[in-house]
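Single-structure report; data block below.
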Amino acid sequence: MSHLSAETLGRARDLVALYPHRRSALIPLCHLAQEQDGWLRPEAMEEIAGLVGVTPAEVLGTASFYDMLHTEPVGTYVVAVCTNIACMLRGAYELLEHAEDHLGVRAGQTTADGVFTLEDAECLADCGRAPCLQVNHRFFGDVTPEGFETLVADLRRGALDGEVPHHGTLLRVRRTGGLQVEPSRVEAERAASAGAAAGRANQGGKG
Amino acid sequence: MVVSEAPRIVTSRIGFEDSHTLVRYLDTGGYTGLRKALTMTPEAVAAEVDGASLLGRGGAGFPAGRKWSMLRKGPIPYLVVNGDESEPATFKDHLLLEKDPHQLVEGVVIAAYALQVARVFIYIRGEFALGLERVQAALNEAYAQGAVGRDIFGSGFSVDIVVHPGAGAYICGEETALLESLEGKRGYPRIKPPYFPAAIGLYGEPTVVNNVETMSNLPWIITNGAAAFTALGEGRSTGTRLFALAGQVRNPGVYEVEMVKTTFRDLIYAPVLGGGVLHGRELKAVIPGGVSAPWIGPAQLDTPLGQDEVAALDTMLGSGSIVVMDETTCMVRAAWRITRFFWRESCGQCTPCREGSGWLEKILRRIEDGVGREADLDLLMDTCDNLAPGVSWPPQQTTICVLGPSIPSSIASAIRMFRDDFLVHIKEGGCPHG
Amino acid sequence: MADPVVTSHHGLASRVAPDAAPVTITIDGVPVEAAAGEFLIAAAERAGTFIPRFCYHPRMKPVGMCRMCLVEVSTPRGATLQPACYMAVAEGMEVVTTSEKVRKAQDGVLELLLVNHPLDCPVCDKGGECPLQDQVLAYGPGESRFLEEKRHWAKPIPISELVLLDRERCIQCGRCVRFAAEIAGEAQIDFLGRGDQTEVNIFEGASFSSVFSGNTVQICPVGALTATPYRFSARPWDLDQVESTCTTCALGCRVAVQSSANRATRMLGVDSDPVNQSWLCDKGRFGYESLNSGDRLVAPLRRRTPGGELEPVSWSEALSAVADRLGAIRGASGGSALAVLGGARLSNEDAYAWARLAKAVLGTDSVDAQLGDGLPAEVVLGLPRATVDEACAAPVVLLLSGDLREELPVLFLRLRGALEEGGTRLVELSSRATSLTPLAAASLAYRPGEAAATVAALAAGKGGPEGIDPAAWTAALSALEGAGPDGAGMVVVLGRPSLSEDGALVAEAAAAMASAWPGARFLPALRRGNVMGALDMGLAPGILPGRVSLAEGRAWFEEAWGPLPADRGRDCAGILRGAVEGSVEAIVLLGADPLGDFPDRALADEALEKVGFVVAVDAFLSPSAARADVVLPAAVHHERAGTTTNIEGRISRTAQKLVGPGQAWPDWMIASELAARLGTELPAGSVAELWDEIERLAPSHAGITRAALEAPGARDGIVAPLPASPVSLSRRGGPARIDPVATPGIESVERQGAPPRAGLAERSGVADDPAATTAGSVGRPRPLGWPQSVDPPHVGPLDNYSLRLVSGRHLYDEGVLLEVCPSLGALADRATARANPYDLDRLGLTTGGHVKVRSARGSLVLETVADAGVPRGVVTIGFNLGVAGEAGGTGGAAALIGAGEAVVDVRLESLSGRTTVPRTPAPKPTPTPAEEEGA
Ligand SMILES: Cc1cc2nc3c(=O)[nH]c(=O)nc-3n(C[C@H](O)[C@H](O)[C@H](O)COP(=O)(O)O)c2cc1C
Ligand code: SF4
Ligand code: FES
């Protein structure tokens, strides 16, 4: 039985087809599985392993390297408050403390009702609007403590459903159509470059 | 204080609400650079870029044209665009991805044509959900327009472009880690040599890696010619550049300014730019080019924003992010926070970086919490020495990539420039700034 | 550690082409020759400069992670710290390894490594042989300045039956991770997390089930990975060791046998370049537990009354009982009524003594070291032989054998490595997917019985036989082009693809190969212990020591041995059949367990039941030995010195490390005593004298003297026969320096104790003049050659209702070894019936259901498994495996196979007892690749 839904599997196969080597689709497929389940379940990792031709340990090993891929359950909303230097200089830690008090959890924890996971994030690259945060990877800038409470209330009552999809959803814009350039051309070029590579063989190096 | 009247090269459309749409793009001269490029030979396009002396905007500042020409001898299967932007306080690519995705796509196709590659991957930081959607939407439109895909604009040239999301790891901005990540692996930087992925890149094949901003400059360069580009700036630092200004300034944001003609002081204090230090306070220190760069003080503010000019201060322009710290800033805390970032983002391969970053973070926190000792300052410097022998600039390296050797920059800057801040913490058992 | 450099004969695996141009570099001011492109760390080591390291391992690609190997290298840009482990040497390079800058870097890395390392050395298995401990002493800081809390993980967690993981001790060198992915090709263990929260671990809920897992323990430079069997059992400084040869399978990996107070405590892989390159399989590594087993036979046993219990008796009584009975039968019915089965457990010297006893004293040629699960001795001994290195360097490897990972695991690793490197292409002839299939240029799924026809069609270069995937066929033909027209670029790995396909059919295929590709060489893939040595020594019907036939060698050997049997004797199947019919009246089981190992279990059972007299010479009371009239306890490898011969014909020494339990004797001594009681004194009175006699008489062993075997350059063994022109025996010169971090466990014991010994001589008597015992009148016989005529049995057509049985060996089976090794016992595989999903569906069966599998010979209830790797028309059932679930039972496919049948066709019946009716017509044997993908 497949854990991934038929729709997810279909999208997964489309993604695999975009890469010359299927392992390259590993991270996109992890995102996809998160989109389905909210987090990366072991069953999903095993299935991804089969789709990209690696072992489940390699999927876990790769996924656990990346902060966005959660191998433990998270809340409906993952609230990531940036505390890096630019935001810190503009009150990020005060915001984070307020968020902790308001949600009743420490950074890294999920509220008892399973709605919010609070994270202490590294720079989110929105420093022009410091302090900033993301909810399910959607940006909110210039967040004041009061603004944070409003945001939480809005999220709870679904007022931001259009802006903030559920956790794990990354690209709501799908690629239309697959690849257009004939593989033969890529193949031919690759063959030619392999010849050239032979000449460089002694340069060594990993990968 | 003069801010030059340079044209806007990569941010000309940013003011428009719909700057990301194809309609606006075509309205504002979109895809003319590509159409022009397709009438030229690939060699001529590459020569134009080389002539423009376009320095890479990813941080290392290596001339794009020279990188390309190292490769053009044999076929290059892959071009990879680095849109991982995770260097703290750097948020210029974020802007370009969300606000002008077509400009990026056009630049990428121009580069692909010059390099004659058949497949491009645009690696975009995973947290940029909106940027990912905007670039994918732009690509879909570009494919539909015939600007990407088969037989682009009837020229016979074909290229596929794939948007690839990252998943949250700063180190994947380092180009060899990025390639590993793109291959579906842990983002471990590769051992060097080879020093560039040019020789052995994606899937072991020759690969060009360039930054988003670097690519976004190409449509203008091709449309207006290399000479127009080199007319701006000075020396090696030609054209304009995006600076992400953050921290305690009145108007933080991304500014496109002409290189060399503008100084740190201009950028921070000009009313049309930074607008001065927040609440009119005194400036204490500036991080000039991302948190990997050693800091500068008020005395160095008149240095022009140019690659070599800043290098002369024993620091760098790096990723073009400038963080302003005012007189109220606790420098122990600032150094601690930056170190904490490196500790959390070290990939973990190299012992000095993996263990050293964590240890340094713990020592700095101890001092900040008021339980440090004077000997800790020597211990900090000595451990920094294990990451970057001599703690000089540019750093010597004991590690695979330069993340590790970047850690000492802020610690050494803080200790050298603000030793008293540390001593007060140690003597008074806590942070005077509260 | 005063001098971290220990000497040994095992050099580094340089990844540099042997013909690479030499360059000159200076290391600490001294000019040194190196090969261009060689890693600095290796070049320095050869020159006597040890550069400290953790992550570097000479058998794996460098990753440069630990940063311990930093040295100062002068480049045009000045002197900078560079990692010696992946910096390639270049002409004129100036290297400084002792400067203050280098010292500071080493000191710094070590201090940082200890930041998060628990200092639990007193309770750590690695204490005393820990590269981290050693290098901290040699290069590290005096004291730690780290005051903070260390990182914490749950203390050792079991990641398999055999391996425990303590993540706190891990220094993230990645050796285990790289071994699993790069060498074993099964990345079951990986880094998880990032930065200083990185841990190695397995997938949640999974087990580190690799049969190579023990290698990760051996190469872990700290105590992060420890082996359950060894844990807390010893301290390295209490261990003593010898270098010896593993006899678990016929590859003959070099091992260090370590013991303490006459208990085997550990087995480590020694880096033998031509053989195992430091790796071992877990069965070989942990099988030493059997040496300490309480189940060992410690005294002779005898049934004093027919049908009575086996009871301990004196050696003298037991030997007399055996000699009297065998002598009586010989007198009454002639030697041909006697038979000897087995011998693969023996050393060469033992086997030789038994061959002489059987053929010259008992007067029987019915002697067979193989139990119907091998290949005819003439085929094995007569085909031109290749070495493992030659196979790994050959442009084409043609494989006709079972799954090598199950049968000869380290040979699998070696071939896998060669295929990964890309210089070698594999064409696989196999009746099911094997562990090498994913790396094969082409896998031709032939149906049992059709091997020779498939080979003939391949050789003809035309279209493939019906049923074989055309794409695979084309790929195979194109790959074979690389072997050249006469096959000189080809090595054939020849074993038994299935125990339910008569060995003569494989011989027929081999004959077809040898005639189609006269330049091809063969690497036999026989799996059992020293089976090659036993065959070399004449423990096979029609064969005399030195790879000569009975006819060819008769005159020569009769001169030395006395009269030999007139006729060629029977093979194992013939002996068992003779026992049933009454023409064989006594069987000596020489470490043989036909009940477990002979493919036709019912025949073995009946034979042991009917034969008048059974003698078992064994270390354990196997099911067959339990049926014997007299049981003689034998000493096994590592309890006596001698030599063994591997599949290449490589003769290497096994050493005595332990004293056998109780009254166990070496087999040669048992043979000698029996001969004496039968009225013939065998001249050789020691292992050394036996070897001298072998060297003198066995043509293929001429020139391989004891002195040659004991020479330092021969520690990787000597391949017999010696080449016609005298060449240096050694691939390497004298002792070379070795990386003490590569296999810390060997080095530490070496450092702390006496240097390793490998023994052959028990009495170091000097060989007599060869001419003294053999008169000059008869010339040396010529070794077996090729072509030999092969007379294959007839293969009938497969009917619509049946599937053809394929049965292979599993590494973890029901053999005695697993039973007596506490740590391995739980690993035994269970038998299932695996078939193509198409066939299961066609027969109305579902995966996971139970079926009765019925052959002409017997039946068995098994669980079904759908497996797209099994071709259509075929069912695979493991051999000598327990049967899972309610059905229970032992032996696996042995219940279904009839000796003498060319192939075995079976029907699968749903458990209600009715034969299932095929829903679709007769199967096309092979699925298309697309179907395989989809399943
Ligand atoms: C630790 C580290 C992080 C980096 N992060 C980025 C990044 O986020 N974006 C980027 O474009 N380049 C980054 N770089 C630089 C890249 O390695 C590479 O030099 C650049 O992408 C090349 O593009 P350019 O020549 O157009 O600048 C980073 C380098 C290092 C060592
Ligand atoms: S320096 Fe740090 S980030 Fe760079 S490769 Fe080494 S461990 Fe990874
Ligand atoms: S980095 Fe060279 S041995 Fe580890």
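Protein chains in written order, with the numbering used here: chain A, 1 to 207; chain B, 1001 to 1434; chain C, 2001 to 2935. Glycine is no exception: its CB is placed at the ideal position from the N, C-alpha and C atoms. Remember, it's a predicted structure, so these values are computed and weren't measured experimentally.
Indicate whether Leu2444 (chain C) and Glu2428 (chain C) have their beta-carbon atoms separated by less than 8 Å.
Here Leu2444 (chain C) is near Glu2428 (chain C), since their CB atoms are less than 8 Å apart.
At a cut-off of 7 Å, would you count Ala1060 (chain B) as near ligand 1, judging by its Cβ distance to the nearest heavy atom?
For ligand 1, at least one heavy atom lies less than 7 Å from the Cβ of Ala1060 (chain B).
Look at the Cβ atom of Ile1122 (chain B), then the Cβ atom of Ile1161 (chain B), and state whether they are nearer than 8 Å.
In contact: Ile1122 (chain B) and Ile1161 (chain B) (Cβ atoms closer than 8 Å).
Alpha carbons only, please: which of C:Pro2448, C:Ala2393, C:Val2380, C:Val2491 is nearest the one belonging to Asp2422 (chain C)?
The question names Asp, but residue 2422 (chain C) in the sequence shown is Gly. Closest option to Gly2422 (chain C), judged by alpha-carbon separation, among C:Pro2448, C:Ala2393, C:Val2380, C:Val2491: C:Ala2393.
Going by the CB atoms, is the gap between Met2068 (chain C) and Val2115 (chain C) shorter than 8 Å?
No; because the gap between Cβ atoms is not below 8 Å, this pair is not in contact.
Since Tyr66 (chain A) meets chain B, which of its residues come closer than 9 Å, beta carbon to beta carbon?
For the C-beta of Tyr66 (chain A), the chain B residues within less than 9 Å are, from N- to C-terminus, Gly1126, Gly1166, Ala1167, Gly1168, Ala1169, Cys1172, Ser1181, Arg1186, Gly1187.
Within the present structure, is the beta-carbon of Ser1086 (chain B) separated from the nearest heavy atom of ligand 1 by less than 7 Å?
Within the chosen limit of 7 Å, ligand 1 reaches the beta carbon of Ser1086 (chain B) through at least one heavy atom.
With DSSP run on the structure shown, which of helix, strand or coil describes Arg1013 (chain B)?
Here Arg1013 (chain B) sits in coil by DSSP.
Can you tell me the Cα-Cα spacing of Ser2008 (chain C) and Cys82 (chain A), whole angstroms?
Since pLDDT at Ser2008 (chain C) reaches only 30, below the 50 mark, its modelled position is unreliable, and the value read off the structure follows with that caveat. Each residue's CA atom was taken as its position, placing Ser2008 (chain C) and Cys82 (chain A) some 57 Å apart.
Whole-Å CB distance - Val2778 (chain C) paired with Trp2556 (chain C), under 8 Å assumed:
Correct: roughly 5 Å between the Cβ atoms.
When the Cα of Leu2040 (chain C) is compared with those of C:Cys2085, C:Thr2080, C:Ala2020, C:Val2063, which residue comes out closest?
Looking at the Cα atoms, C:Cys2085 is the closest of the given residues.
Any heavy atom of ligand 1 inside 7 Å of the beta-carbon of Arg1057 (chain B)?
Arg1057 (chain B) Cβ: within cutoff of ligand 1.
In the stretch 2168-2192 of chain C, which residues sit with their C-beta less than 9 Å from some C-beta in chain A, listed in chain order?
The residues in question are Val2177, Ala2180, Ala2181, Glu2186, Ala2187, Gln2188, Ile2189, Asp2190, Phe2191, Leu2192.
Put Cys1172 (chain B) into one of helix, strand or coil per three-state DSSP.
Assigned with DSSP and collapsed to three states, Cys1172 (chain B) falls in helix.
Which of helix, strand or coil DSSP assigns to Tyr1078 (chain B)
It is a strand residue.
Pairs of beta-carbons, one from the stretch 2161-2172 of chain C and one from the stretch 2194-2204 of chain C, closer than 8 Å: are there three or more?
The stretch 2161-2172 of chain C, when compared against the stretch 2194-2204 of chain C, does touch it at the 8 Å Cβ threshold.
Give me the Cα-Cα distance between Glu2094 (chain C) and Lys2104 (chain C), rounded to the nearest whole angstrom.
Computed Cα separation, rounded: 19 Å.
At 7 Å on the CB atoms, spell out the chain C contacts of Lys1362 (chain B), in chain order.
Result: Glu2148.
Of all the options C:Thr2075, C:Cys2173, C:Lys2155, C:Ile2051, which has the alpha carbon lying nearest to the alpha carbon of Lys2061 (chain C)?
Ranking the options by Cα distance to Lys2061 (chain C), first place goes to C:Cys2173.
With respect to 7 Å, is the separation between the Cβ of Gly1173 (chain B) and the closest non-hydrogen atom of ligand 1 below this value?
Indeed, a heavy atom of ligand 1 lies less than 7 Å from the Cβ.
Decide if Phe1341 (chain B) is buried, meaning its Cβ has at least 16 other Cβ atoms within 10 Å, or exposed.
The Cβ neighbour count for Phe1341 (chain B), taken over all protein chains shown within 10 Å, is at least 16; the residue is labelled buried.
Gly1403 (chain B) to Glu1180 (chain B) span [Cα, whole Å]:
Correcting the residue type first, residue 1403 (chain B) is Leu in the shown sequence and not Gly. Computed Cα separation, rounded: 16 Å.
Using a Cβ-based criterion (distance less than 7 Å to any ligand heavy atom), does Arg2053 (chain C) qualify as near ligand 3?
Look at Arg2053 (chain C): its beta carbon is less than 7 Å from one of the heavy atoms in ligand 3.
Is there a Cβ of chain A sitting closer than 8 Å to that of Gly2205 (chain C), yes or no?
Interface flag for Gly2205 (chain C) against chain A is set, since a Cβ pair is found closer than 8 Å.
If the criterion is Cβ atoms closer than 8 Å, does the pair Leu2805 (chain C) and Val2904 (chain C) meet it?
Contact: yes.
Cα-Cα separation between Trp2691 (chain C) and Ile1200 (chain B), rounded to whole angstroms
Computed Cα separation, rounded: 55 Å.
How about Lys1325 (chain B): is its C-beta nearer than 8 Å to some C-beta of chain A?
This sequence places Met at residue 1325 (chain B); Lys is not what is there. True, the Cβ-Cβ gap to chain A drops below 8 Å.
Within 8 Å (strictly less), CB to CB, does Glu1368 (chain B) reach chain C?
Using a CB distance cut-off of 8 Å, Glu1368 (chain B) does not count as an interface residue toward chain C.
Starting from Val2163 (chain C) and walking both ways along the beta strand (DSSP E), at which residues does that stretch end?
Start and end: 2163-2165.
Between the CA atoms of Val1010 (chain B) and Asp1018 (chain B) - distance to the nearest angstrom
A direct Cα-Cα distance of roughly 16 Å separates Asp1018 (chain B) from Val1010 (chain B).
Indicate the three-state DSSP secondary structure (helix, strand or coil) for Ile2171 (chain C) in the structure shown.
Reduced to three states, the DSSP call for Ile2171 (chain C) is coil.
Ignoring anything shorter than 4 residues, give me the alpha helix (DSSP H) runs that lie fully in the stretch 2050-2115 of chain C, in order along the chain.
For the stretch 2050-2115 of chain C, whole alpha helix (DSSP H) runs of length 4 or above, ordered along the chain, are 2100-2115.
Taking C-beta pairs closer than 9 Å, name the residues in chain B that Ala2433 (chain C) reaches, listed in chain order.
Under the 9 Å cutoff, chain B gives no residues; its nearest Cβ is about 25 Å from Ala2433 (chain C).
With 16 as the cutoff for other CB atoms within 10 Å, does Ile2157 (chain C) come out buried or exposed?
Classification for Ile2157 (chain C): exposed.
Output needed for Arg1150 (chain B): all residues of its chain with C-beta closer than 6 Å, excluding positions within five of it in sequence on either side, in chain order.
Cβ within range, chain order: Ser1158.
Simplified DSSP state of Met2267 (chain C), which is helix, strand or coil
Annotated three-state conformation of Met2267 (chain C) is strand, per DSSP.
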